[in-house]
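Heads up, the thing below is written out as structure tokens.
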Amino acid sequence: MSNTESRAPDFVRATIATEIAQGRFDGRVVTRFPPEPNGYLHIGHAKALCLDFGAAQEFGGHCNLRFDDTNPTKEETEYVDAIQDDIRWLGYAWGDHLYYASGYFEQLYQWAVQLIQAGKAYVDDLTPDEMRDYRGTLTEPGRASPHRNRSVAENLDLFARMRAGEFPDGAKTLRAKIDMASGNVNLRDPVMYRIRHAEHHRTGNAWCIYPMYDWAHGQSYSIERVTYSLCSMEYEDHRPLYDWYCEQLGIFHPQQIEFARLNISHTVLSKRKLLQLVNENIVAGWDDPRMPTLRGLRRRGYTPEAIRDFIERVGVGKTQNLIELALLEHCLREDLNKRAARVMAVLHPLKVVIENYPADQVEELDAVNNPEDATMGTRQVPFARELWIEQDDFREDPPKKFFRLSPGVEVRLRYAYIVKCTSVVHNERGQVIQVNCTYDPATRGGSTDRKVKGTIHWVSARHAIPAKVRLYDTLFLSPKPDEDEDWKTRINPNSLETLTNCFVEPALAHAAPGERYQFERTGYFYVDPDSSTDQRVFNRTVSLRDSWGKIEKQEQG
RNA sequence: UGGGGAUUGGUGCAGUGGUAGCACACCGGACUUUGGAUCCGUUGACGGAAGUUCGAAUCUUCCAUCCCCAGCCA
Numbered sequence: 001m002s003n004t005e006s007r008a009p010d011f012v013r014a015t016i017a018t019e020i021a022q023g024r025f026d027g028r029v030v031t032r033f034p035p036e037p038n039g040y041l042h043i044g045h046a047k048a049l050c051l052d053f054g055a056a057q058e059f060g061g062h063c064n065l066r067f068d069d070t071n072p073t074k075e076e077t078e079y080v081d082a083i084q085d086d087i088r089w090l091g092y093a094w095g096d097h098l099y100y101a102s103g104y105f106e107q108l109y110q111w112a113v114q115l116i117q118a119g120k121a122y123v124d125d126l127t128p129d130e131m132r133d134y135r136g137t138l139t140e141p142g143r144a145s146p147h148r149n150r151s152v153a154e155n156l157d158l159f160a161r162m163r164a165g166e167f168p169d170g171a172k173t174l175r176a177k178i179d180m181a182s183g184n185v186n187l188r189d190p191v192m193y194r195i196r197h198a199e200h201h202r203t204g205n206a207w208c209i210y211p212m213y214d215w216a217h218g219q220s221y222s223i224e225r226v227t228y229s230l231c232s233m234e235y236e237d238h239r240p241l242y243d244w245y246c247e248q249l250g251i252f253h254p255q256q257i258e259f260a261r262l263n264i265s266h267t268v269l270s271k272r273k274l275l276q277l278v279n280e281n282i283v284a285g286w287d288d289p290r291m292p293t294l295r296g297l298r299r300r301g302y303t304p305e306a307i308r309d310f311i312e313r314v315g316v317g318k319t320q321n322l323i324e325l326a327l328l329e330h331c332l333r334e335d336l337n338k339r340a341a342r343v344m345a346v347l348h349p350l351k352v353v354i355e356n357y358p359a360d361q362v363e364e365l366d367a368v369n370n371p372e373d374a375t376m377g378t379r380q381v382p383f384a385r386e387l388w389i390e391q392d393d394f395r396e397d398p399p400k401k402f403f404r405l406s407p408g409v410e411v412r413l414r415y416a417y418i419v420k421c422t423s424v425v426h427n428e429r430g431q432v433i434q435v436n437c438t439y440d441p442a443t444r445g446g447s448t449d450r451k452v453k454g455t456i457h458w459v460s461a462r463h464a465i466p467a468k469v470r471l472y473d474t475l476f477l478s479p480k481p482d483e484d485e486d487w488k489t490r491i492n493p494n495s496l497e498t499l500t501n502c503f504v505e506p507a508l509a510h511a512a513p514g515e516r517y518q519f520e521r522t523g524y525f526y527v528d529p530d531s532s533t534d535q536r537v538f539n540r541t542v543s544l545r546d547s548w549g550k551i552e553k554q555e556q557g
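In terms of my numbering, the first sequence opens at residue 1 and continues consecutively.
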């Protein structure tokens, strides 16, 4: 934590600090987070969330949560609720400052009338195709609509009738009269209102004309007295438009500061693509643990603390970026290492029989719950003659540097005894199905003077609890799926592997959904909401760093 | 051939005229009853060219490359 605290402030915070010190906005700092309720929040939003809420907090101000619900055809209450839930989970609160752009519809309408009266806005009859044509291109100026010079009286009349519902969808628009030749296309008479005879999730059927985002945006800040509007780079081109609206209206306007949005390797973060993954059943839903949504990450077992730490480390800049997934995983492991209770679980079981251990004997052995945190105490783990160990922990013909169990070799069973492999049982296909060992009673608890290179985990077969384990990997094989010709071509066919034949130690009998554990030597696991006392389900949040896997890879060339 | 933004090691972020630093990744080592954690260490960067200056990643000019913008989406 100390390294992040001493870190230089990002340019956004530095700018705010400077301006506030100079007395701008009388020292007030009010930010806002303005989601459109048409989808779920993802980790990209977390960056904005942490900046908006974080900066406000640090400067003694507050952050408004405002839903930009200006398009009734796409928005739903379901999303409004989910978004609030996700923000709370991430650890932020907006107090009484919950707003909706739809709450400003009447004021916005009055301001539109004001612009018409000032000769700064007009009702247009162009079809979408015609409007595109008149708009020109990036290199050629646009042309004036034939309706651009309607009289104020006619515009007032037409606009009132638009509101009254006299025209069908798309028949007319209200446009700002700015500059059809501007190099900034946003200034070529942008649409302010469109006709949509659609029911709005909050205003119902009160309106049939709805403001465009650009028209609602800046003025909403003005109403809320927001001082800093922190948004992504793509809105830099829109800033002159927001400024124009506020200037024409003569109302307060905030300082907009743009920053680069977050990109992470091996994933996609566009609402459109995420929606597609859900709709095409490539994932099981918005909360599928492979999704980069906050709900998905939550179900995967991520902690809010890890996500916030990640966002802090990523920093804030204006350059296009691609953060390596490894950084996110590092933050996760660091957090989980401190808080997750250790436990033993065997994912791919292989039977071990301790030949010289009495068949009816059971010993309760002491095990540490978290070597990083003594206050988490100890527990007892039952040991008996027949055990399960990990298939990977035994090799009949061990490669170099393999420190685990193999014929004639000694290994430590964690917290139990030193055992030596004496023989192996094969099935008719030659596969190892059982390993026989002898144990050294003098090494109870695992202590010994001999040098034993390997320590492996185990579960007593008689006491083991069956479990289902879901192993997750990245959804995409390519680090930059967005750059692939078709972004879906590099989907990872093995992003989910479900193991149904796993055994966990009895301490997990009462593992409750939402709990996190470290399965020693394997990884961190989250008890899925699907889990019950009849069927335990664990999601692998992230694996432990695996230096043996790395060595093995190198040896194989 | 329009407007806007960007360019520091593999990936990010600092550094705003005076020996280029941090994190992650990588590689190597120490330690270890998790091949985990922890600790130590090694590689490795200022897009290019001119100019200003005693001195430039920082200032100037030109060039190159990348990203965004032509929804009645946000």
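Each residue gets a CB set at the ideal place from its N, CA and C atoms; glycine is no exception.
W388 sits in a strand when the DSSP states are folded into three classes. With 16 or more other CB atoms across the displayed protein chains lying within 10 angstroms of its CB, G44 is buried.
Cβ neighbours of L327 within its own chain (closer than 8 Å, five residues either side excluded): F310, R313 and V314. For G218, there is no enclosing beta strand (DSSP E); the enclosing alpha helix (DSSP H) covers residues Y213 to E224. No residue range can be given for P407, since it is assigned to no alpha helix (DSSP H) and is classified by DSSP as neither H nor E.
Distance from the CA atom of L387 to the CA atom of S460, rounded to whole angstroms, is 4 Å. Listed as beta-bridge partners of L499 by DSSP are V469. DSSP places S423 in the uninterrupted beta strand (DSSP E) bounded by I418 to H426. In this structure, the beta-carbon distance from Y92 to G301 does not fall below 8 Å.
In this structure L98 is exposed. Its beta-carbon is surrounded by fewer than 16 other beta-carbon atoms within 10 angstroms.
Here S145 is buried. Its C-beta has 16 or more other C-beta atoms within 10 Å. Taking C-beta atoms under 8 Å as the contact rule, L496 and R290 qualify, at a distance of about 7 Å. By the 16-neighbour rule on beta-carbons within 10 angstroms, N369 is buried. Assignment of K120 by DSSP, reduced to helix, strand and coil, places it in the coil class. Under the 10 Å beta carbon count, T173 is surrounded by 16 or more other beta carbons and is classified as buried. Listed in chain order, the non-local C-beta contacts of T70 below 6 Å within the same chain comprise A101, Y210, P211, Y213 and A216, local neighbours out to five positions each way being set aside. Residue nearest to A512 within the set N539, L126 and V381 is N539 (criterion: CA-CA distance). Between the alpha carbons of R462 and N279 lies a distance of about 44 Å.
Taking C-beta atoms as the reference points, V452 and E410 count as a pair closer than 8 Å. The shortest C-alpha to C-alpha distance from M344 to any of E520, I456 and G136 is the one to E520. For the options D449, E58, F383 and E396, the alpha carbon positioned closest to that of R414 is the one of F383.
E390 places its beta carbon 8 Å or farther from that of L365.
Straight-line measurement puts the Cα of R202 at about 13 Å from the Cα of Y79. The criterion of a C-beta distance shorter than 8 Å is satisfied by E355 and N436. Of the residues assessed, V185 falls on the exposed side of the cut-off, its CB having fewer than 16 other CB atoms within 10 angstroms.
Annotation for L499: L347, H348, K468, V469, R470 and L471 place their beta carbon closer than 8 Å to its own, counting only its chain and skipping 5 residues before and after. Considering only E258, T375 and Q554, the residue with the shortest C-alpha distance to T319 is E258. Here the region 61-75 makes contact with the region 28-42; the two share three or more CB pairs at distances below 8 Å.
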